[in-house]
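Protein chains in written order, with this note's numbering: chain H, 3 to 593; chain A, 15 to 463; chain X, 295 to 517; chain B, 6 to 111.
Positions of the beta carbon are idealized from the N, C-alpha and C atoms, including for glycine.
These numbers come from a predicted model, not from an experiment.
These notes concern the structure reproduced below.
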Ligand code: HEA
Ligand code: HEA
Ligand code: CUA
Ligand SMILES: [Cu+2]
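Have a look at this one:
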């Protein structure tokens with residue numbers, strides 16, 4: 003038997019007939035993607051609601067009797083965990099990864115559709131377990147999304163009984179789900195591309211998703227291992243992370259464990275995790291910028307290498323979260339250096355995004371606005387990361403609201419902006435309809451200005467020294483009263499931003515119900531996913547014949563060519579040139 | 015179009031906020047001015063990059079906005095430009111990192127003449143220990159913790175005997191003397207942070223951590239716990255009082271050594287009984303208290319709690335409010351009791367048979383139970399009180415007395431004094447009760463315990 | 295297809311050709327790639343377990359129990375250290391051998407031989423799990439080792455032991471089930487059309503389980 | 006190389022040789038314990054035998070040696086993160102132990 007590449011194999015597709023086969027137990031990557039996206043957005047909205055309740059307490063301490071210190075910590079924890087894992091990771095990889103990978107690399111589906119389906123249902127299960135923890139005695143865990151032991155499993159922290167157990171179980175299930183999906187993404191990208199689709203012709207979206215998935219496959223094990231060990235500690239009474247402890251006046255049987263070990267394991271996962279949510283966003287925003295500026299992405303190869311380099315480096319910077327954790331202080335030298343080195347490839351990406359706009363022909367569509375907003379917020383957040391990465395500066399700033407401001411700017415705003423850009427951008431492909439532009443504009447301005455109004459001042463609250471995870475600040479000698487007023491304003495901004503999201507949700511429903519069909523490929527994008535025979539693409543994506551790719555995904559405004567973009571699958575011979583144009587001088591993709 | 019203007023506007027606002035607002039690091043009070051310098055350097059480098067990148071962004075958006083008659087320039091890459099930018103960025107990174115690493119070298123290296131002090135964290139209070147005459151801190155471990163050995167010192171370690179135990183959340187330090195602060199936790203992770211000193215380090219149970227600094231300014235500074243350590247994390251505060259060496263020595267001399275604490279004093283119950291006659295008028299001969307006279311049930315209170323309260327009355331920490339009549343009464347009584355024989359008195363009270371006072375308030379006990387969840391961590395699920403946590407028993411206590419105290423806390427009549435650590439915590443906790451109805455529910459539930 | 299490229303010479307050229315190819319990066323079956331990536335991910339899991347073990351063992355201030363005594367068997371009045379573990383090691387290696395041969399026969403199209411070799415592998419695997427169960431029982435009942443403590447020394451000894459060998463045992467059990475399913479399907483001829491890569495993929499997993507045991511044996515029992 | 010066209014096929018003799026070698030190596034690592042070697046000798050022998058065994062299983066039984074170099078490099082590169090983590094955790098472990106012995110009465 004000869005080995006035949008997938009792209010050259012006969013298609014074998016079993017079209018499901020029943021409703022259930024088509025929409026519930028579907029093995030079609032597009033349906034699975036939508037299932038992932040809906041579930042993720044649903045839990046994301048819960049997390050958003052929690053953040054508003056938290057903000058109410060911070061902005062107007064003691065005005066509301068529906069929140070108390072226990073609930074505050076539980077809300078912080080669930081807010082953080084849901085946002086990072088169950089919203090961003092799931093939506094970026096499970097949602098967009100699933101939808102775009104087969105379409106962008108030109109295959110009919112993931113290589114192992116059945117596993118892909120299981121992946122979604124495991125994710126769904128993990129969400130159910132997570133939500134169940136709101137209803138068990140003691141409520142969900144309130145140990146912070148970092149779940150540091152010993153406190154996370156000791157009395158005195160909310161949800162230290164059932165809450166933390168369900169949290170850990172839910173994470174374990176999520177990891178299984180992610181692994182099943184991730185193996186599919188990686189294998190599909192590596193082994194199932196269509197004819198002519200070389201790695202260096204893949205859109206940056208795929209590069210971002212690909213690298214993030216690999217990070218996930220090698221970083222989630224650390225979370226799994228620490229979750230299992232912590233489950234043992236809490237259920238069996240082992241002492242992996244538990245030294246001798248007198249908990250709330252009662253001696254415990256724990257002996258000899260090391261809490262720092264957990265922190266190392268957690269951040270060995272945790273730092274790659276933040277890039278798991280950043281890299282797909284980096285990729286998608288590159289594509290959005292390029293399409294809407296009608297210009298090729300600047301420095302494509304540098305962009306690819308930057309993604310790969312960031313991914314690799316992210317495994318050797320984890321302890322920058324632990325500068326003040328009591329680890330061996332000499333580690334600080336190593337980790338400060340590696341951390342700041344990451345700024346270089348990231349800076350290259352920022353420069354190249356801006357340089358993509360430079361000399362472009364910029365359409366300020368809604369996705370483009372979100373993408374430009376992203377550049378701004380990400381630069382701001384990334385630069386504040388450099389403060390934290392420089393170990394001595396972390397000393398005054400760690401565990402204050404400066405950190406909160408940093409990671410919201412860089413993770414709570416920037417990838418979210420990209421997600422919105424992506425939704426506005428790819429909606430016409432998924433549904434055949436373009437999201438209402440006027441509502442989109444309102445949504446953008448509210449979100450962009452609103453979030454900056456939340457997080458810019460928050461950095462200064464951090465400089466003042468206000469600690470994070472504080473239910474109330476109480477009296478201190480060093481915090482001026484104006485800080486409280488600032489907090490109140492931040493809360494108001496947060497509520498306004500949250501309300502603006504309703505416009506977005508409304509827009510989704512409105513568009514699906516009321517808007518007319520849009521043009522096919524309304525933005526004039528060159529990458530493969532827009533050129534399926536049917537829009538929205540049908541099961542199997544490509545009809546009888548897979549497309550053959552002849553160029554990279556960024557042939558916009560090629561000199562001498564009549565159209566302002568050349569689809570990836572258009573052969574050189576089919577390209578129509580302006581009369582009298584000397585073809586040999588025309589631009590070429592970098593190879 | 016607008017977006018370009020808005021971005022320029024946002025850059026401007028950011029700069030204005032930075033330079034014109036009063037919000038910046040609190041004034042330094044230690045030797046770590048080099049940290050502030052590093053921040054300053056980073057600020058200027060990142061600030062320039064921020065302004066440059068975003069202004070260029072805005073300019074591009076404005077200059078290259080859509081125009082039907084123009085085409086984008088086709089330029090896949092520009093090696094030279096990219097290399098230049100990479101090199102510049104690398105330079106920027108080096109410029110920030112170098113001072114950072116140099117200063118970190120100082121942070122890691124403790125000077126030889128540093129005075130060693132230990133800070134001990136526990137949910138949710140601070141205590142401190144000085145090494146005593148031998149200059150060596152005795153070994154300690156959470157295993158040894160008990161009501162008699164609250165610091166968990168190893169009784170068999172001779173170095174520990176002369177260690178001076180500061181059972182108080184207020185640490186005094188001499189000015190201009192380098193301090194090596196050794197950190198130890200008996201339960202969970204905590205963090206010892208003093209914003210004005212620019213120091214911060216976690217306390218990790220099962221190991222010992224450290225940090226060092228030299229206080230350079232006289233005054234009192236807040237210690238915050240900045241590692242989430244459970245429910246009352248936000249109430250876990252302490253203070254550092256920086257004073258002249260003389261004042262410091264005087265202060266230190268008032269605290270006992272470990273050996274002294276261990277040996278304890280002989281008490282004279284009979285003498286205590288005689289003394290108690292003065293109290294019996296209001297608190298009753300059996301010590302059960304009297305709601306008509308607004309007095310609490312003493313039989314349920316532990317000795318350390320009562321000693322602390324007497325001291326508070328005496329030192330103007332509790333009962334200072336004019337309208338707090340019972341408090342004012344206690345102030346004068348506490349001032350007239352003899353401090354030296356107080357131990358006898360308290361021992362006598364502790365020997366009284368515990369009595370439970372019936373509850374009088376009606377309320378929704380199931381709601382009260384929910385509210386009590388937060389109190390249970392310190393006062394115990396049965397409201398039995400936990401001496402190790404300095405939390406008095408609530409069960410069996412007069413509910414009218416409890417009500418009055420909780421009201422005092424929330425009005426700021428009690429617990430406002432910075433020296434009153436637990437009062438401060440109670441003030442923060444009572445602020446979550448919110449309404450008289452909920453207060454009644456809570457007390458009605460406590461009465462059922 | 296890539297027959298356009300003449301055979302690459304040397305590693306470097308091979309790398310360049312593969313990475314710049316279209317369709318696929320590796321000229322192997324996608325299922326195998328997927329299994330390999332999964333195994334690397336699993337390598338991380340086991341490595342992290344072992345690193346966790348290393349860290350708690352290094353930082354334990356109590357003595358670590360002497361494994362060669364704890365895991366000794368008494369045979370004919372003679373104390374033989376690690377006897378059972380040695381037998382288990384040999385069993386697992388034997389099963390790896392039968393598995394390797396199963397892969398070989400599968401590609402030759404010898405279904406019967408493949409079936410029986412895979413069954414043999416599964417049986418050996420099952421007996422490994424059985425011995426592990428015996429070892430656990432002995433440790434719990436006779437030596438008094440519990441996940442939360444043991445009479446011989448540091449409590450983490452039992453914790454890491456049960457966790458790591460347990461997780462490995464689960465892998466073996468999973469492998470036995472996987473082998474059984476694939477063996478049956480081989481016998482029923484389900485792969486006649488698709489080809490017999492599946493046997494090799496199953497084999498990869500099985501050998502990996504053996505590989506992990508090599509590390510556990512060295513670090514947990516011998517160290 | 007047969008990898009392209011056929012599934013992996015290699016002479017049975019090789020398998021038997023490796024099989025035998027694995028038995029021998031296992032026996033030898035067992036002897037390290039049986040003969041009660043201690044200290045550096047013990048650790049280095051354990052590691053040597055371990056890596057030899059692991060290498061044989063990986064390269065022959067798992068056919069890693071015959072996989073395309075691209076695949077081999079792609080699979081091995083990520084595992085570089087593991088030694089880094091090992092190094093840091095070993096240092097961290099000794100640091101913790103040190104502080105326990107010095108200050109924490111065990
Ligand atoms: C998407 C997520 C994301 C991203 C991309 C980043 C990016 C970075 N992060 Fe952030 N970080 C988080 C998410 C993220 N972070 C989260 C969630 C936490 C908190 C977790 C918790 O404790 O709960 C955190 C916490 C955190 C800490 C720990 C703080 C503490 O707890 O004390 C540190 C410390 O080093 C840090 C550093 C950095 C750095 C240096 C980068 C860099 O990668 C940034 C690089 C980008 C730039 C630098 C901007 C672009 C560059 C230019 C425009 C040119 C630059 C010019 C020069 C260098 C001169 N982050
Ligand atoms: C992606 C991550 C993410 C996001 C989006 C957010 C969004 C928000 N976060 Fe949060 N947050 C975290 C991650 C995130 N957060 C983490 C990890 C922590 C740390 C937890 C811990 O300490 O343990 C934290 C903690 C945290 C705190 C600190 C609490 C404390 O330490 O005491 C605060 C306080 O103000 C806060 C506020 C907010 C607000 C007001 C919003 C938002 O309201 C901002 C504005 C909202 C949007 C811009 C839209 C978002 C829309 C959706 C989420 C739904 C639909 C999405 C799509 C369709 C794409 N968050
Ligand atoms: Cu102690 Cu927070
Ligand atoms: Cu990080």
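Taking the C-alpha atoms as reference points, what is the distance between residue i and residue j?
i             : j             : result
residue 303/A : residue 379/A : 24 Å
residue 458/A : residue 373/A : 7 Å
residue 222/H : residue 330/H : 25 Å
residue 36/A  : residue 221/A : 40 Å
residue 424/H : residue 369/H : 7 Å
residue 262/H : residue 96/B  : 12 Å
residue 30/A  : residue 181/A : 47 Å
residue 147/A : residue 268/A : 15 Å
residue 551/H : residue 318/X : 14 Å
residue 390/A : residue 396/A : 8 Å
residue 324/X : residue 316/X : 14 Å
residue 468/X : residue 386/A : 48 Å
Taking C-alpha atoms, which residue in the options lies nearest to residue i?
i             : options                    : result
residue 540/H : 298/H, 9/H, 32/H           : 32/H
residue 317/A : 308/A, 454/A, 162/A        : 162/A
residue 530/H : 544/H, 120/H, 232/H        : 544/H
residue 227/H : 170/H, 197/H, 248/H, 383/H : 170/H
residue 438/H : 535/H, 387/H, 513/H        : 513/H
Leaving out five residues on either side along the sequence, give the residues of the same chain with a beta carbon under 7 Å from the beta carbon of residue i.
i             : result
residue 528/H : 555, 556, 557, 558, 567, 568, 569, 570
residue 218/A : 199, 203
residue 136/H : 142
residue 78/H  : 56, 146, 471
residue 127/A : 192
Excluding the 5 residues preceding and the 5 following residue i in the sequence, name in chain order all residues of the same chain whose CB lies nearer than 8 Å to its CB.
i             : result
residue 442/X : 449, 452, 453
residue 190/A : 228, 229, 230
residue 72/H  : 141, 144, 160
Does residue i pass the burial test, meaning 16 or more other C-beta atoms within 10 Å, or should it be called exposed?
i             : result
residue 263/A : exposed
residue 369/X : exposed
residue 25/H  : exposed
residue 403/X : exposed
Tell me which residues share the same chain as residue i and place their Cβ nearer than 6 Å to its Cβ, disregarding the 5 neighbours each side in the sequence.
i             : result
residue 234/A : 253, 255
residue 65/B  : 23
residue 133/A : 142, 195, 197, 206
- request: Decide if the region 389-398 of chain X is in contact with the region 440-456 of chain X; the criterion is three or more beta carbon pairs, one per stretch, under 8 Å apart.
  value: no
- request: Assess, as a yes-or-no matter, whether the region 404-417 of chain H is touched by the region 474-488 of chain H under the definition of 3 or more beta carbon pairs within less than 8 Å.
  value: no
message: Three or more C-beta pairs under 8 Å: does that hold for the region 69-77 of chain B against the region 87-102 of chain B?
response: no
- prompt: Do the region 443-450 of chain H and the region 367-382 of chain H touch if we need at least three Cβ pairs shorter than 8 Å?
  reply: yes
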